[in-house]
Amino acid sequence: AQTVTQSQPEMSVQEAETVTLSCTYDTSESDYYLFWYKQPPSRQMILVIRQEAYKQQNATENRFSVNFQKAAKSFSLKISDSQLGDAAMYFCAYRSASTGTYKYIFGTGTRLKVLA
Amino acid sequence: DAGITQSPRHKVTETGTPVTLRCHQTENHRYMYWYRQDPGHGLRLIHYSYGVKDTDKGEVSDGYSVSRSKTEDFLLTLESATSSQTSVYFCAITEQMNTEAFFGQGTRLTVV
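Read top to bottom, the protein sequences are chains A and B. Its first residue numbered 62, the first sequence is counted upward by one per residue in our numbering. Its first residue numbered 5, the second sequence is counted upward by one per residue in our numbering.
As structure tokens, this is what we get:
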């Protein structure tokens, strides 16, 4: 069974600085998707970024980028120029691309605090 | 935003009573999911559906049942609520051509 591990329960970053959130996963599959979701205090789950495992290039969305290391099964999220609005819970998630049930497996989350 | 509505948004119930949470979607997506979110555990899959009347268990299905009689509705039932089922429940949907899941706004359930 696949697992997702986020080893940092909480992180802090100064406004305008850069922070990296860690995520590792375990799978025997070769084709899958990885995601970072943001959950602000409103509780809404918001997709931040996605990565297809077959793509070598790391995904980027504005200030958010990932470092995808397939061999190491690592998928970290880098937030540049951190803003107060980035304060939230961040979840890493995995989904198989090769099965028909498309279950999403989540890590335990990292709470990010942004200091003014 | 994906059209997903969870009801109720908040509920307090007593131990031993049955509870049903509803997830309604207007996207005609095939796949629907129920997750629970607890501190230190992230989101854990309770049950999921891959079509009308097609459902299967997730990792924390004990004490829960589901039904999907229409594409748009996915019901989660706690047959006899316990305090350990106090949690925030999320419904999510996706379609085969998508990659990401889209989430409802969550239901906070308190069992006293």
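No residue lacks a Cβ here, since even glycine has one placed at the ideal position from N, Cα and C. These numbers come from a predicted model, not from an experiment.
Would you mind telling me which residues of chain A sit closer than 9 angstroms to Ala105/B, beta carbon to beta carbon, in chain order? Within the second sequence, the letter at position 101 stands for residue 105/B. Chain-ordered, the chain A residues with CB closer than 9 angstroms to the CB of Ala105/B read Phe96, Tyr98, Met106, Leu108, Ala154, Arg156, Tyr163 and Tyr165.
Measuring alpha carbon to alpha carbon, tell me which residue in Gln29/B, Ile8/B, Glu18/B and Asp42/B is nearest Gly170/A. Along the first sequence, one-based indexing puts residue 170/A at 109. That would be Asp42/B, whose Cα lies nearest to the Cα of Gly170/A.
What first and last residue would you give for the beta strand (DSSP E) that runs through Cys27/B? Counting from 1 along the second sequence, the entry for residue 27/B is found at position 23. Cys27/B -> beta strand (DSSP E) spans Val23 to Gln29.
So, using beta-carbon positions, are Met36/B and Ser53/B closer together than 8 angstroms? Residue 36/B sits at position 32 when you count from the first residue of the second sequence. Residue 53/B sits at position 49 when you count from the first residue of the second sequence. It is a contact, given that the beta carbons lie within the stated cut-off.
Report yes if the C-beta distance between Glu104/B and Phe96/A is below 8 angstroms; otherwise report no. The residue labelled residue 104/B in the question sits at position 100 within the second sequence. The residue labelled residue 96/A in the question sits at position 35 within the first sequence. Their beta carbons are under 8 angstroms apart, which means Glu104/B touches Phe96/A by this criterion.
Listing by chain order, which chain B residues have their CB less than 7 angstroms from the CB of Thr169/A? For this step, residue 169/A is matched to residue 108 along the first sequence. Neighbours of Thr169/A on chain B, chain order: Gly44, His45 and Gly46.
Along chain B, which residues have their Cβ under 9 angstroms away from the Cβ of Arg124/A? By 1-based counting over the first sequence, the position of residue 124/A is 63. Simply none; closest approach about 19 angstroms.
Report the residue ranges of all beta strand (DSSP E) runs contained in full by the region 25-60 of chain B; include only those spanning at least 3 residues, in chain order. Complete beta strand (DSSP E) runs here, min 3: 35-42 and 46-55.
Could you pull out every residue in the same chain whose Cβ sits closer than 8 angstroms to the Cβ of Pro22/B, ignoring the five residues on either side in sequence? Position 18 of the second sequence holds residue 22/B. Contacts found: Thr81, Leu82, Glu83, Ser84 and Ala85.
Quickly, what does DSSP pair Ala154/A with across the bridge? List them, please. Here residue 154/A is taken as the residue at index 93 of the first sequence, counted from 1. In DSSP, Ala154/A forms a bridge with Phe96/A and Phe167/A.
Looking only at its own chain, which residues have a Cβ that is under 8 angstroms from the Cβ of Thr79/A, when we skip the five neighbours before and after it? Working through the first sequence from its first residue, we reach residue 79/A at position 18. So the list reads Lys139, Ile140, Ser141, Asp142 and Ser143, once near-sequence residues are dropped.
For chain A, find out if any of its Cβ atoms is closer than 8 angstroms to the Cβ of Gly1/B; answer yes or no. No answer is possible for residue 1/B: it lies beyond the span of chain B, which begins at 5 and ends at 116.
List, in order along the chain, the chain A residues whose C-beta lies closer than 7 angstroms to that of Gln89/B? As a first step, residue 89/B is located in the second sequence; it is residue number 85 there, counting from the start. Here the premise fails: no neighbours, minimum Cβ distance about 18 angstroms.
Do His14/B and Arg112/B come within 8 angstroms of each other at the CB atom, strictly closer than that value? The count along the second sequence starts at 1 and reaches residue 112/B at position 108. The count along the second sequence starts at 1 and reaches residue 14/B at position 10. Cβ atoms of Arg112/B and His14/B: closer than 8 angstroms.
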